[in-house]
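Trainee: My questions all concern the structure below.
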Amino acid sequence: MVRVLQAGLIAIGTLITATLRFFVVVRYWIVPGRPPPRRRRNKEPGRSYADPKTRIAIDAVEKVFVRDFKWSFRRLPASKIGIDARAEILDGGRPKGKFLPLQIRSIPSWEETGDGYIHRGESSHLDYWAKHSLHVYVVIVDAQTGMMRWQRAEKGNCEETETEWSIVIPAANLLDATARLCFDEAIASDPETLLRSAFALDRELMEEVQDQTTYFVWDEWGDTTAIFCNLRIYIGEGKREEPDVQIDYHLRANNLHEIMIRLFPWAAYSYAEPIKEYSGEVAVHVLDVKLRPEAEAYLEFEDFLEAGYPDEEMPWAPESEGYVTAEEEEAFWRSRGVSRGHRDREK
Numbered sequence: 034m035v036r037v038l039q040a041g042l043i044a045i046g047t048l049i050t051a052t053l054r055f056f057v058v059v060r061y062w063i064v065p066g067r068p069p070p071r072r073r074r075n076k077e078p079g080r081s082y083a084d085p086k087t088r089i090a091i092d093a094v095e096k097v098f099v100r101d102f103k104w105s106f107r108r109l110p111a112s113k114i115g116i117d118a119r120a121e122i123l124d125g126g127r128p129k130g131k132f133l134p135l136q137i138r139s140i141p142s143w144e145e146t147g148d149g150y151i152h153r154g155e156s157s158h159l160d161y162w163a164k165h166s167l168h169v170y171v172v173i174v175d176a177q178t179g180m181m182r183w184q185r186a187e188k189g190n191c192e193e194t195e196t197e198w199s200i201v202i203p204a205a206n207l208l209d210a211t212a213r214l215c216f217d218e219a220i221a222s223d224p225e226t227l228l229r230s231a232f233a234l235d236r237e238l239m240e241e242v243q244d245q246t247t248y249f250v251w252d253e254w255g256d257t258t259a260i261f262c263n264l265r266i267y268i269g270e271g272k273r274e275e276p277d278v279q280i281d282y283h284l285r286a287n288n289l290h291e292i293m294i295r296l297f298p299w300a301a302y303s304y305a306e307p308i309k310e311y312s313g314e315v316a317v318h319v320l321d322v323k324l325r326p327e328a329e330a331y332l333e334f335e336d337f338l339e340a341g342y343p344d345e346e347m348p349w350a351p352e353s354e355g356y357v358t359a360e361e362e363e364a365f366w367r368s369r370g371v372s373r374g375h376r377d378r379e380k
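What follows is the structure, encoded as structure tokens:
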């Protein structure tokens, strides 16, 4: 009953803002908007969102992917894996489940070399990308000119030290509308790799959802082809006005299930309440989301690999039925008239 009441409160909040969203969604199709700030639960000490310079750089990169590529763009909070955002490839507005992880930085012009720009990163980030087969692209934004350039980060084209790695980003690799084909062709399309990427990129979100009451709230617009947008994610018990995560999606699909299995394949979900329609314009889907058993196993496996084999004592073998105690052995030799001193001399 508590879960149903909580889901109902979320839907009531949606009713209040439904009319305003009708006008907002039109503006988003004309001018790409910025995702609203997201509040993450249980932030670890030292975790934070991108610094102001990086946020400005992310704003510029987002415009290219949304306006020129017509893809989705999902910002991520600063994390231990060093990925600032992920671009999600769309085909006619429909998600394909293909992700482009991005590390985005603002770089001053004085770091330019004869071959391009030099980007430096943390060794732990590059190691994580390599271990999880993530095809990460580094995008740098010149703080003075606003020019954006990109390069794929791989161990083969990076120089590594014990603490950091560096890569030369060619001046010719401009991030503009012409670069779309380069990214589209470089991303793997086999189902196994796509699933691995989705799990690796969403690991921190999965950890937050784990063992928590979680709701995904989607708005659905459109008469002929549905447009699913404005995803709000509420994690944990208790009523609150703002979602923990909000993503400004605008995705076409025949149904919501197509989107969930492509963008969140680690999630098992059911409807928390009937679909509600407001003003004949928007339908609100409230989903009760949990981790799939495979996702639970994935998190446990990742923790095991990172922690290493536990410090366990060697198990003792059970005594066999023919085990002879010291007292029994002594009695055996006495029955044969052999003393302990004689046995010791023979040894």
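For what it's worth, the numbering used here labels the leading residue of the sequence shown as 34, then goes sequentially. Just so it is clear, CB atoms sit at the ideal spot from N, CA and C, and this is done for glycine as well.
Using DSSP with H/G/I as helix, E/B as strand and the rest coil, what is P224?
Mentor: The residue labelled residue 224 in the question sits at position 191 within the sequence shown. Helix at P224.
Trainee: Residue ranges of each alpha helix (DSSP H) run of no fewer than 4 residues wholly in the region 159-244, ordered along the chain?
Mentor: 213-219, 224-234 and 236-242
Trainee: Where DSSP assigns a beta bridge to G255, which residues make up the other side?
Mentor: The residue you call residue 255 lines up with position 222 of the sequence shown. Paired residue(s): none; G255 is not in a bridge.
Trainee: Counting only beta-carbon separations shorter than 8 Å, does P224 have a partner in chain B?
Mentor: Of the chains in the structure shown, none is chain B; there is only one protein chain.
Trainee: Alpha helix (DSSP H) containing I308: first to last residue?
Mentor: Taking the first residue of the sequence shown as 1, we reach residue 308 at position 275. First-last for I308: undefined, no H or E at that position.
Trainee: Considering only the alpha carbon of each residue, which of A176, D175 and K188 lies closest to Y161?
Mentor: Counting from one through the sequence shown, the residue named residue 161 turns up at place 128. Residue nearest to Y161 within the set A176, D175 and K188 is K188 (criterion: CA-CA distance).
Trainee: In chain order, what residues of the same chain lie with their CB nearer than 7 Å to the CB of F98, ignoring the 5 residues before and after it?
Mentor: As a first step, residue 98 is located in the sequence shown; it is residue number 65 there, counting from the start. These residues qualify, in order along the chain: W104, F106 and A120.
Trainee: How would you call C215, buried or exposed, if buried means at least 16 neighbouring beta carbons within 10 angstroms?
Mentor: Here residue 215 corresponds to residue number 182 of the sequence shown, with the count starting at 1. Classification for C215: exposed.
Trainee: Could you please give the first and the last residue of the uninterrupted alpha helix (DSSP H) stretch that includes D336?
Mentor: The residue you call residue 336 lines up with position 303 of the sequence shown. Element bounds for D336: P326 to A340.
Trainee: By Cβ distance, which residues of its chain are closer than 6 Å to E253, with the 5 residues on each side in sequence left out?
Mentor: What you label residue 253 is simply residue 220 of the sequence shown in a count that begins at 1. The answer, listed in chain order, is A259, F261 and A316.
Trainee: Which whole-angstrom value is the C-beta distance of F249 and L320, which I expect to be below 8 Å?
Mentor: In the sequence shown, residue 249 corresponds to position 216, counting from 1. In the sequence shown, residue 320 corresponds to position 287, counting from 1. About 4 Å; that satisfies the 8 Å criterion.
Trainee: Just verifying my parser: in three-state terms, what is the DSSP assignment at P85?
Mentor: To locate residue 85, count along the sequence shown from 1; it is residue 52. In the structure shown, P85 sits in a helix (DSSP, three-state: H, G or I).
Trainee: Could you tell me whether the Cβ atoms of A118 and R108 are closer together than 8 Å?
Mentor: Working through the sequence shown from its first residue, we reach residue 118 at position 85. Working through the sequence shown from its first residue, we reach residue 108 at position 75. Yes, the Cβ-Cβ distance between A118 and R108 is below 8 Å.
Trainee: Hey, I140 and I173 are a contact pair by Cβ (cut 8 Å); roughly how many whole angstroms apart?
Mentor: Residue 140 sits at position 107 when you count from the first residue of the sequence shown. Residue 173 sits at position 140 when you count from the first residue of the sequence shown. Approximately 4 Å separates the beta-carbon atoms of I140 and I173; this is inside 8 Å, confirming the contact.
Trainee: Using 8 Å as the threshold, is the C-beta distance between R229 and S166 below it?
Mentor: The sequence position of residue 229 within the sequence shown is 196, counting from 1. The sequence position of residue 166 within the sequence shown is 133, counting from 1. Yes, these two residues count as a Cβ contact at 8 Å.
Trainee: Got a sec? Which residues, its chain only, sit under 6 Å from D217 by beta carbon, not counting five neighbours each side?
Mentor: In the sequence shown, counting from the first residue as 1, residue 217 sits at position 184. Result list for D217: empty, nothing under 6 Å.
Trainee: Using alpha carbons as the reference points, say which of R182, T146 and V201 lies closest to I137.
Mentor: Stepping through the sequence shown from its first residue, residue 137 is reached at position 104. With distances taken between Cα atoms, I137 lies closest to R182.
Trainee: G126 to F102, Cα distance in whole Å?
Mentor: Your numbering for residue 126 matches position 93 in the sequence shown. Your numbering for residue 102 matches position 69 in the sequence shown. Rounded to the nearest angstrom, the two C-alpha atoms are 11 Å apart.
Trainee: Could you spell out the range, first to last residue, of the beta strand (DSSP E) harbouring E361?
Mentor: As a position in the sequence shown, residue 361 is number 328, starting the count at 1. E361 -> not in any beta strand (DSSP E); alpha helix (DSSP H) instead, spanning A359 to S368.
Trainee: What's the gap between the Cα of E352 and the Cα of F365?
Mentor: Here the question's residue 352 lines up with position 319 in the sequence shown. Here the question's residue 365 lines up with position 332 in the sequence shown. Their Cα atoms are separated by approximately 20 Å.
Trainee: Within 10 angstroms of its Cβ, does I292 collect 16 or more other Cβ (buried), or is it exposed?
Mentor: The count along the sequence shown starts at 1 and reaches residue 292 at position 259. Buried, because 16 or more other Cβ atoms sit within 10 Å of the Cβ of I292.
Trainee: Could you check which residue in K131, D148, L133 and I200 has the C-alpha nearest to that of E155?
Mentor: Numbered from its first residue, the sequence shown carries residue 155 at position 122. The residue with the shortest Cα to Cα distance from E155 is I200.
Trainee: Looking at the structure shown, is A316 part of a helix, part of a strand, or coil, going by DSSP?
Mentor: Against the sequence shown, residue 316 aligns to sequence position 283. Note: A316 maps to strand in three-state DSSP.
Trainee: Could you please give me the residues that DSSP links to V278 through a beta bridge?
Mentor: For the purposes of this step, residue 278 is taken as the residue at position 245 of the sequence shown. V278 pairs with I266.
Trainee: Using CA atoms only, rank isn't needed, just tell me which of S303, A205 and I266 is closest to M239.
Mentor: What you label residue 239 is simply residue 206 of the sequence shown in a count that begins at 1. Here the closest residue by C-alpha is I266.
Trainee: With distances taken Cα to Cα, identify the nearest neighbour of D281 among E95, E275, L264 and I268.
Mentor: Locating residue 281 in the sequence shown gives position 248, counting from the first residue. With distances taken between Cα atoms, D281 lies closest to L264.
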